[in-house]
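Quick notes on the structure that follows.
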Amino acid sequence: MGVSERKKREFAIREENILKAAIGFFQIKHPSLVKMDDIAKQLEIGRGTIYLHFKSKDDLMARIQYEDYVRLRQKLQNALNESTGLDMAKAALRIYIEHCLGDKNMYLVAKQCGDSMNLDNVSPEMQEKLIEERNNRLSILEKIYRQTRSENLTNQKGAYPNVAVAWGMIRGAVEVLLDGHFQKEIKSEKSYIETIEHVLFFGLFPKNHQD
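Structure (structure tokens):
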């Protein structure tokens, strides 16, 4: 391995270590309470070294959120392998819930990073990556919607209104668990997830419900 290749490898390893250290801190404290000096001290490097990798703490938080979104999108892509629109939608629902609840700490860290960061302090390159990744996720969800429309399973309100409402319902339902609401009342996480699926796909009330 030449000098140039070795330096690139060391740079990549250091960058990964910075991300891991930051995530470790963010799991204990809110990102707004963590300083770049804290990360530098733990890694025994200068604060200036961190800025060789990330323009700002906001840039660092954006990278954490971006990588979490990439992992989610790669999983959601598998839903397109299902044979029907309904199966695609159900698979996407399960994938999203499992992504959030499978590693609750990572989900909360990524969410807090997204809520806390100032996009004006994020590098243009990372801003472009975030926009591209958002479009990639929306593209998958739009494909699922269009498949369900072709099977006459959904209304004609349009892809984005339907996707946005469904996404908001699911995210809200997941965060009910993550925020600790109804801890005593919800005895089974599995049963709760099944309820989310039932309400989303079949509604809250029976079809023969009369006012």
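Okay, so the sequence shown: first residue is 1 according to the UniProt record's numbering, each after it adds one.
Think of the CB as a built atom: it goes at the ideal place given N, C-alpha and C, for glycine as much as any other residue.
Here DSSP, grouped into helix, strand and coil, assigns Met117 to coil. Taking 9 Å as the cut-off, the beta carbon of Glu151 is found closer than this to the beta carbon of Leu86. Taking a C-beta distance under 9 Å as the contact criterion, Ala91 and Ala79 qualify as a contact pair. If only complete runs of 4 or more residues are kept, the UniProt domain "HTH tetR-type" (12 to 72) shows the alpha helix (DSSP H) at 36 to 43 and 47 to 51, in order along the chain.
If you look at Val122, you'll find it isn't in any alpha helix (DSSP H); DSSP assigns it neither H nor E. Distances from the CA of Asp103 to each of Asp68, Gln74 and Asn121 were compared; the closest alpha carbon is that of Asp68.
In this chain, Asp103 is not harboured by any alpha helix (DSSP H), its DSSP state being neither H nor E. Burial check for Lys57: the Cβ neighbour count within 10 Å reaches 16 or more, so the residue is buried. Exclusion of the five residues before and after Ile39 leaves Ile18, Ala21, Ala22, Phe25 and Ile50 as the residues of its chain whose Cβ lies within less than 7 Å of its Cβ. Assignment of Ile196 by DSSP, reduced to helix, strand and coil, places it in the helix class.
Distance from the Cα of His53 is smallest, within the candidate group Arg14, Glu133 and Asn162, for Arg14. Gly85 sits in a helix when the DSSP states are folded into three classes.
Secondary structure of Leu141 (DSSP, three-state): helix. Between the region 68 to 77 and the region 132 to 139 there are three or more inter-stretch CB-CB distances shorter than 8 Å, so the stretches are counted as touching. Glu197 has its alpha-carbon roughly 20 Å from the corresponding atom of Tyr160.
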